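Novice:
Chains as they are written, first to last, in the working numbering: chain A, 231 to 731; chain B, 231 to 731.
Have a look at this one:
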């Protein structure tokens, strides 16, 4: 009885935190999508106030007491409550394991480095940048060690990784990346040799209003409910919010339309996951999305597996004929060819499906070494150039702007995030392979713009599970195996070497 | 020293509350303007959480301690700090003088009554309505008595009035309304007799996109800065937010455009006041807008005195010629005639400038009697019908829908708000009379769409003062006299009997 009561108190506290997080979420959306420029100062102060209240409520002494009260207690042998408390502890521990002084120093050093980077990047000013970046790395190393002590991970970097990819260990990622490394550079060369010249061009004038209409119609087909969400524009596409109120943004360029559509499909995957988490666990850590490797698998499944498939491109071509006259001559096959062009380049965010993992692996190798103490900041440019050459055959020497200074992630110490992009792509391929196996008529359905069978499969295997399972248990239960590289490699070979779908 | 330190603690607490209020403000804006329907539940819960945290921070024991520490202390003979503490006490006392149990009962009874009203109004169901309304009145009477005890007002109703119109007493309002009552019904009859038939018509098709453009251009002319604000659409026009981020909404109807423009001008007045309060007192009660009678004077000055003037209508006619072809034939005089039509009717929100005060006086007479215990709920319909007949010459017998059930205000106990509409109109006329006196060339400037001289005058006399002065001191310092009916009467006679501006 006592333990149930204590568990109830913890649930109430986490639901309070969830209501505060709701406020932060939509105020942040507004800041990026709606707020006029001069609202910035007051908005930042308000969000900081809410974050402060939230942190104080999570780290309050009574929460520690409640959690330790439950330590020795047999929780009715109820697996669900045990998992729920386990996830609460994880969230609590993440918030508690760093001294306030370190967090403050990190915020100051991180903002300084990011602010400097905004101009230094354009100026190709690596020497200027590392003055601010070295303290950021030093503080992140301290953070990683403290997190490692609290969580018992194998390495300091793995403790950082666990913030984003909890459950996916450094050794798992190493083995998946090793497999990719053995295949991708060679695959890339074969794709480039084999890839025919694209005779169609996407360059024309595509009015933004027509693109908006097209994006909305595509979202309808993808099962996005406009009574429970919005589509808006912002500088950088993102999705946020959750059940009942999912907010997607995209960015339009009147000279091209495929990128906006792909971005919207990507965000629709994120939004579908967040919007479909189970009502019964709303506001509790057990009810949240599993980790970023699973999250990114949902967005990449929607974008790479569904949207860019020949079948769905055929459906989109029909939509386009009715909505956007200037692209009405493009057939499904033309769209597919435009969408599956492979061109090795310097910039990660512009990379295609084949080269993207190579960009990520390069960053992973550098950032894990940096945090584990095997690599120093001064070593980065040479390592970057070597790896760009060996993985992608691209020369970045002397070009910091489009080389090791291109990403914002490291500037404020967000180490451990990059791998989720590629583990997400691998998970997406693995999940979709199983979906195709379960639904042999998948292409016919995608051709009709009907993805209900996919939503139902994901609802059953992923969305309804939230944090009930650890990430590898989740992949195992959904596909019969933990995360691996095989499905992604098979997918890339089928699409890019054999042009199958 | 000790007292300064205590004052500093109070300032910090009120600034915290301001940051929480910021969150509530923009989350509420989003709820009304952006949020999809299914977001409602989570949003309400989040806002309630923030309101609860806010209330707890304001009513925490230490705030009472800090305020009483300052009771006996001579605050450096610093008038500004004395006023600041006085306003803090007022806000604190308003939040503290009701038992939590009563507040909870009021919320339950008020929601029930408002929810019922939403269908009962359309059903003309007075008997059904009063079942829910009588408990609301009973609880409001209790509230009023407790507030009277805490604030020492002359009557219970005056304590409710003070929530919205602090500083404007019941006896002041009685005397202004008595003067209006002696003049307006007769003035109304003369205007109706004299008013010629309007030969132009506003009925045509005015595309919403063109109207939006026109409203934005008008806001530019009115000095609204889109780097510090937005204009959007919502069911009911309103303005919210403050310095750096003012949010105005309006409502478009493609068969008419004057109403949307007038509404936008009205909200621009509110937004200009809130957006121009002094930076030095940001977040403190002394830095807030004075009261709703002053607030409404700013919106009505922008709407009735500026926007509907012949001079500004001339300016708008030129704008319209460039923006909205279907209204290009309308001259300034035509717009002015369309905007100054006087037609007595049953509905307050549709009322013109001449009849509006009569609608308000009727409600004031009934609600003050209701709260002071001189009138019972069952008396309302007969009183309503009598007053509509004697003040406006309109028969509302049997029509509850468009009679005493038309307003939402009373349903959840918002007694004491109505007078601000008409005291605001009187203040607006009085302020504008002084502006015209100080700027004899006012019509020339309005004709050019230049209202900078008005903004500067208001900045100097009203906006920069915030709560430094009590409301009647503020009117006195700005116009040389406290609030009165004379300027409003003179304005209505000049515009509606003599067609002067």
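C-beta: ideal position from N, C-alpha, C; glycine also.
Computed from a predicted structure; not experimentally measured.
Less than 8 Å between the C-beta atoms of residue 238/B and residue 643/B, yes or no?
Specialist: Numbered from its first residue, the second chain carries residue 238/B at position 8. Numbered from its first residue, the second chain carries residue 643/B at position 413. Going by C-beta atoms, residue 238/B is not nearer than 8 Å to residue 643/B.
Novice: So which residues on chain A does residue 252/B lean against when the C-beta distance must stay under 7 Å?
Specialist: Reading the second chain from its first residue, position 22 is the one you call residue 252/B. Under the 7 Å cutoff, chain A gives 272 and 276.
Novice: Any idea which residues DSSP pairs residue 459/B with across the strands?
Specialist: Walking along the second chain from the start, residue 459/B turns up at place 229. For residue 459/B, which the question treats as bridged, DSSP gives the partners 476/B.
Novice: With a cut-off of 8 Å, does the C-beta of residue 449/A fall near any C-beta of chain B?
Specialist: As a first step, residue 449/A must be located in the first chain, where it is residue number 219. So, not an interface residue.
Novice: Of all the residues that make up the segment 457-491 of chain B, which are near chain A by a beta-carbon distance shorter than 7 Å?
Specialist: Hits within the stretch, in order: 457, 458, 459, 460, 474 and 475.
Novice: Report yes or no: do the segment 429-445 of chain A and the segment 542-561 of chain A share at least 3 C-beta pairs separated by less than 8 Å?
Specialist: A contact exists between the segment 429-445 of chain A and the segment 542-561 of chain A.
Novice: Could you pull the start and end residues of the alpha helix (DSSP H) that residue 556/B belongs to?
Specialist: Counting from 1 along the second chain, the entry for residue 556/B is found at position 326. Where residue 556/B is concerned, there is no enclosing alpha helix (DSSP H), given that its DSSP letter is neither H nor E.
Novice: Between the Cα of residue 325/A and the Cα atoms of 377/A, 712/A and 424/A, which residue gives the shortest distance?
Specialist: The residue given as residue 325/A occupies position 95 in the first chain. When each option's Cα is compared against that of residue 325/A, the closest is 377/A.
Novice: In chain order, which beta strand (DSSP E) runs of at least 3 residues are fully inside the segment 593-663 of chain A?
Specialist: Qualifying beta strand (DSSP E) stretches: none in this window.
Novice: With a 10 Å radius around its C-beta and 16 neighbouring C-beta atoms as the bar for buried, classify residue 476/A as buried or exposed.
Specialist: Against the first chain, residue 476/A aligns to sequence position 246. When all chains shown are included, residue 476/A counts as buried.
Novice: I'd like to know whether the C-beta atoms of residue 617/A and residue 600/A end up nearer to each other than 8 Å.
Specialist: The residue labelled residue 617/A in the question sits at position 387 within the first chain. The residue labelled residue 600/A in the question sits at position 370 within the first chain. Cβ distance not < 8 Å, so residue 617/A and residue 600/A don't count as in contact.
Novice: Applying a beta-carbon distance threshold of less than 9 Å, which residues of chain B neighbour residue 597/A?
Specialist: Against the first chain, residue 597/A aligns to sequence position 367. The premise fails here: residue 597/A is roughly 35 Å from chain B at the closest Cβ pair, so nothing lies under 9 Å.
Novice: Tell me, which residues are paired with residue 471/B by DSSP?
Specialist: Mapped onto the second chain, residue 471/B falls at position 241. Paired residues: 476/B.
Novice: Once the 5 residues before and after residue 394/A are set aside, which same chain residues still bring their CB inside 7 Å of it?
Specialist: Within the first chain, the letter at position 164 stands for residue 394/A. Same-chain partners within the cutoff: 521, 522, 646, 647 and 650.
Novice: Under three-state DSSP, which class holds residue 483/A?
Specialist: Here residue 483/A corresponds to residue number 253 of the first chain, with the count starting at 1. Note: residue 483/A maps to strand in three-state DSSP.
Novice: For the segment 234-260 of chain A, which residues have a CB atom closer than 7 Å to at least one CB atom of chain B, in sequence order?
Specialist: Within the segment 234-260 of chain A, the qualifying residues are 246, 249, 250, 252, 253, 256, 257 and 260.
Novice: Around the Cβ of residue 249/A, are there at least 16 other Cβ atoms within 10 angstroms (buried) or fewer (exposed)?
Specialist: Counting from one through the first chain, the residue named residue 249/A turns up at place 19. With 16 or more Cβ atoms within 10 Å of its Cβ, residue 249/A is classed as buried.
Novice: Just to confirm the assignment, what range does the alpha helix (DSSP H) spanning residue 343/A have?
Specialist: Numbered from its first residue, the first chain carries residue 343/A at position 113. First-last of the alpha helix (DSSP H) with residue 343/A: 330-350.
Novice: Name, please, each residue of chain B whose Cβ falls closer than 7 Å to the Cβ of residue 267/A.
Specialist: Locating residue 267/A in the first chain gives position 37, counting from the first residue. Within 7 Å Cβ-Cβ: 457.
Novice: Is it true that the CB of residue 297/A sits closer than 8 Å to the CB of residue 319/A?
Specialist: Here the question's residue 319/A lines up with position 89 in the first chain. Here the question's residue 297/A lines up with position 67 in the first chain. For residue 319/A and residue 297/A, yes; Cβs fall inside 8 Å.
Novice: Which chain A residues sit within Cβ distance under 7 Å of residue 283/B?
Specialist: The residue given as residue 283/B occupies position 53 in the second chain. By Cβ distance, chain A contributes 283.
Novice: From what residue to what residue does the alpha helix (DSSP H) around residue 224/B run?
Specialist: Outside the shown range of chain B, which is 231 to 731, sits residue 224/B, and nothing can be said about it.
Novice: Less than 8 Å between the C-beta atoms of residue 432/B and residue 488/B, yes or no?
Specialist: For this step, residue 432/B is matched to residue 202 along the second chain. For this step, residue 488/B is matched to residue 258 along the second chain. Yes, Cβ-Cβ distance for residue 432/B and residue 488/B is below 8 Å.
Novice: Excluding sequence positions up to five away, which residues of its chain have a Cβ less than 8 Å from the Cβ of residue 386/A?
Specialist: For this step, residue 386/A is matched to residue 156 along the first chain. Cβ neighbours of residue 386/A beyond the five flanking positions: 371, 374, 375, 377, 378, 601, 602 and 603.
Novice: Is DSSP giving residue 239/A helix, strand or coil here?
Specialist: If you number the first chain from 1, residue 239/A lands on position 9. Helix at residue 239/A.
Novice: Tell me the residue span of the alpha helix (DSSP H) that contains residue 291/B.
Specialist: For the purposes of this step, residue 291/B is taken as the residue at position 61 of the second chain. Residues 291-301.
Novice: Taking the straight line between their C-alpha atoms, what separation do you get for residue 231/B and residue 699/A?
Specialist: Here residue 231/B refers to the residue found at position 1 when the second chain is read from its first residue. Here residue 699/A refers to the residue found at position 469 when the first chain is read from its first residue. With a pLDDT of only 46 at residue 231/B, under 50, the local geometry of the prediction cannot be trusted, and the value read off the model is given with reservation. Taking the straight line from one Cα to the other gives about 59 Å.
Novice: Tell me the rounded alpha-carbon separation between residue 294/B and residue 634/A.
Specialist: Counted from its first residue, the second chain places residue 294/B at position 64. Counted from its first residue, the first chain places residue 634/A at position 404. Looking at the two C-alpha atoms, the distance is approximately 56 Å.
Novice: What did DSSP end up calling residue 398/B once you bin it into helix, strand or coil?
Specialist: On the second chain, residue 398/B is found 168 positions in, with the first residue counted as 1. Three-state result, residue 398/B: coil.
Novice: CA-CA distance, residue 671/B and residue 437/B?
Specialist: The residue you call residue 671/B lines up with position 441 of the second chain. The residue you call residue 437/B lines up with position 207 of the second chain. One C-alpha to the other measures close to 35 Å.
Novice: Determine, using beta carbons only, whether residue 469/A and residue 501/A come nearer to each other than 8 Å.
Specialist: For the purposes of this step, residue 469/A is identified with residue 239 of the first chain, where counting begins at 1. For the purposes of this step, residue 501/A is identified with residue 271 of the first chain, where counting begins at 1. Closer than 8 Å, so yes.
Novice: Once you ignore the five residues that flank residue 435/B on each side, which residues in its own chain have a CB closer than 8 Å to its CB?
Specialist: In the second chain, the residue the question calls residue 435/B occupies position 205. Taken in chain order, the residues that qualify are 484, 485 and 556.
Novice: Considering only C-alpha positions, which residue in the set 403/B, 261/B and 355/B is nearest to residue 598/B?
Specialist: The sequence position of residue 598/B within the second chain is 368, counting from 1. Ranking 403/B, 261/B and 355/B by Cα distance to residue 598/B puts 403/B first.
Novice: Note the first and the last residue of the continuous alpha helix (DSSP H) segment covering residue 585/B.
Specialist: Counting from 1 along the second chain, the entry for residue 585/B is found at position 355. Here residue 585/B belongs to no alpha helix (DSSP H), and DSSP marks it neither H nor E.
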